[in-house]
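Note sheet for the following structure.
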Amino acid sequence: MIGKLARSVREYKLPSILSVVFIVFEVILEVFIPLVCSDLINFIEGVRMPGADEAIWHNFNLLNISTGISFPGDLEASAIGYVFIYAAILLVMAGLSLTCGLLSGMFCARASAGFAKNLRKDLYYKIQDFSFENIDSFSTSSLVTRLTTDVTNVQNAYMMIIRIAVRSPLMFISALVMAFTKNWFMALIFFIAAFLLLGAMALIPKRAMPIFNRVFKKYDSMNLRIQENVHAARAVKAFVREDYEIQKFDTAATDVRKDFTKAETLLAFSNPIVYFIMFVLILITCTLCTVFIVNGKTIEGYESLGGKLNLGDLSALVQYAIMILMSMIMLVMVFVMIVMAVESARRIVTVLGTESTLESPENGVKEVADGSIVFDHVDFSYAGDDEKCALKDANISIKSGETIGILGGTGSSKTTLVQLIPRLYDVTEGSVKVGGVDVRDYDLESLRKNIAMVLQKNVLFSGTIKDNIRWGKEDATDEEIVAACKLAQADEFISQMPDGYDTYIEQGGTNVSGGQRQRLCIARALIASPKIIIFDDSTSAVDTKTDALIRKSMAETLPDATKIVIAQRVSSFEGADRIIVMDGGKISAIGTHDELMKSSVIYREAYEIQNKKSDDEEGDNAIA
Ligand SMILES: Nc1ncnc2c1ncn2[C@@H]1O[C@H](COP(=O)(O)OP(=O)(O)OP(=O)(O)O)[C@@H](O)[C@H]1O
Ligand SMILES: [Mg+2]
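Quick note: the sequence shown uses the numbering used here, first residue -7, plus one each step.
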């Protein structure tokens, strides 16, 4: 898992390494500061000791030789000068430590944000290659969560790892070593206290983590509820289901609150525990050090415990104690964050490790000879399971340039049948041939470029009308766009819009009507002059007259293209060479209108019901 994620660090390796290097310098400076402080305090204490003059003058002379600074003869004035030198050293050290900290933070931010960008890019590219089957298996909302929230969790964990996970152990070890040089007995006490704290702290996440894991799942379902509701806001209002939806959301939100309260309460315990242990340790340090300071100078025997301490050493030891405990606390916090991110990392790696169930073959056929289509004993199942076939033993042979209608009840597998032509799914058994070649032998991009499909669930993207039409052909000229829109009977309504072809389409195409959206999608499909055109119920929202006009202009402008039209209206098959009747996943009949009127009960009934309806409508109109 780590290997797969680490691949996304790429060009951000250097900032990651630099961040760690600067942290090392920062920590080294931080642990040396108490040492210098302790020397300073020891010196001040020495000045105030009776009879200390001689030793201090010795120090001054040494400093005078090494730095060239001369000290006035007066002891007190010289001592103050000495203190200023210490202060300057401390200031430089603190400044350097601050600079290292800032540089490390800057490189860390750059590295983690870059890593997240690469990770998102890798995920996004992977998803672009996914087949419909892959997308079905993950679900769209789950893929979106993985690209957003999960990547953010992993990014935060990465930041924590390169900063705190390096800093804490380093700080722990170096502060412990420094404490050891001052007094081994005190260092031992710090070591024991650190592990006591680690034990106490580790218990909390151990109990809180299962609750957190549970709460994240509930969080997911709450998000799904919000997403579903916002997405279907119009339906919710149309069915006056606001109260029901609010109730559903309330239950989900309360569930999340309860578990979060439990988990957060457990985590909240950590602060008082930490402070308690810290104060106890400081108390022990001060007491013991005082004993060492007082007794070390008067009573023999304490030296075996590393005795003989000065006031400055006490101050350094207290600071090291705090550093050691703090580093442990940080380590536990990082651990909690990493554990939380593991689930996100797992979800990301699953996507990265999923191979598309549809691969374009190497050296695949790039030329589609013509628009002929053959279904040869085709079985298809969405789950890949032969028992639950959505399509069973389909056999059809369509000549290039033919116009084919497909009729059938809902769920009779009309969409399933046509989705196999541009290889949106692979057949389970048998084969589908386009232009005489098995679709699996084509280079996927070349095959799909030659087949235009207006999907049943069509979508427009945010952008101008021109941008949307250019999805069908990237380099389409303005004239080509207008021609395609004229063909799809869309030119008229586009011209009436204030900005014409530059009118901005909102996300999902919410600012155009259903019929207008369908016509724009048809124009988008027709612009590339494909060899095969498939309309999956694409004129259902268009009035009968416009529907007929689209068919007529298409027959005139693209006479060589094979046209497959799925429709619920029998009138949409006017001009079709043959019509396929689907029933329960099987092809129940194929033939011309006249043939089917005789041979297919389904077709005849559909025709009679619809004609009777239109007769009635005409009658009603006549009365009116
Ligand atoms: N992505 C999918 N995953 C699993 N099963 C599916 C999927 N899409 C469709 N099905 C199932 O396959 C069967 C045929 O569906 P299909 O969409 O082809 O019907 P259709 O004839 O196009 O219906 P409609 O007229 O409503 O569009 C249905 O039983 C449906 O539940
Ligand atoms: Mg369908």
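Each residue gets a CB set at the ideal place from its N, CA and C atoms; glycine is no exception.
Everything numeric in this text was worked out from a predicted model, so none of it was measured.
Strand pairing of residue i, partner residues [DSSP]
i	result
residue 531	The partner list for residue 531 (beta bridge, DSSP) is empty, contrary to what the question assumes.
residue 455	497
residue 570	396
residue 386	370
residue 443	524
residue 434	357
For residue j and residue i, believed in contact at Cβ under 8 Å, the rounded distance
i	j	result
residue 174	residue 308	6 Å
residue 416	residue 386	With 8 Å as the limit, residue 416 and residue 386 do not qualify as a contact, their Cβ atoms being about 16 Å apart.
residue 501	residue 534	Their Cβ separation, rounded to whole angstroms, is 15 Å, which puts residue 501 and residue 534 out of contact at 8 Å.
residue 520	residue 449	Their Cβ separation, rounded to whole angstroms, is 20 Å, which puts residue 520 and residue 449 out of contact at 8 Å.
residue 571	residue 397	4 Å
Where residue i falls: helix, strand or coil (DSSP)
i	result
residue 486	helix
residue 152	helix
residue 403	coil
residue -6	helix
residue 173	helix
residue 132	helix
residue 511	helix
residue 363	coil
residue 245	helix
residue 370	strand
residue 290	Summary for residue 290: the model assigns pLDDT 46, below 50, so the residue's position carries little reliability; its value from the coordinates is reported in the next sentence. Note: residue 290 maps to helix in three-state DSSP.
residue 426	strand
residue 274	helix
residue 319	helix
residue 417	coil
residue 504	coil
residue 356	coil
residue 554	strand
residue 285	helix
residue 519	coil
residue 581	strand
residue 575	strand
residue 381	coil
residue 99	helix
residue 147	helix
residue 257	helix
residue 109	helix
residue 462	coil
residue 391	coil
Within 8 Å, strictly: CB atoms of residue i and residue j
i	j	result
residue 422	residue 341	no
residue 312	residue 182	yes
residue 96	residue 147	no
residue 446	residue 556	no
residue 245	residue 214	yes
residue 262	residue 316	no
residue 363	residue 523	yes
residue 564	residue 580	no
residue 152	residue 326	yes
residue 545	residue 499	no
residue 115	residue 138	yes
residue 258	residue 199	yes
residue 332	residue 204	yes
residue 303	residue 33	yes
residue 641	residue 429	Absent from the structure is residue 641, since the part of the chain shown begins at -7 and ends at 616.
residue 531	residue 559	yes
residue 432	residue 353	yes
residue 107	residue 150	yes
residue 7	residue 112	no
residue 270	residue 314	yes
residue 596	residue 567	no
Any heavy atom of ligand 3 within less than 7 Å of residue CB: hits in chain order: The model depicted lacks ligand 3 and carries ligand 1 and ligand 2 instead.
Every unbroken alpha helix (DSSP H) inside the segment 175 to 227 [4 residues or more]: 176 to 223
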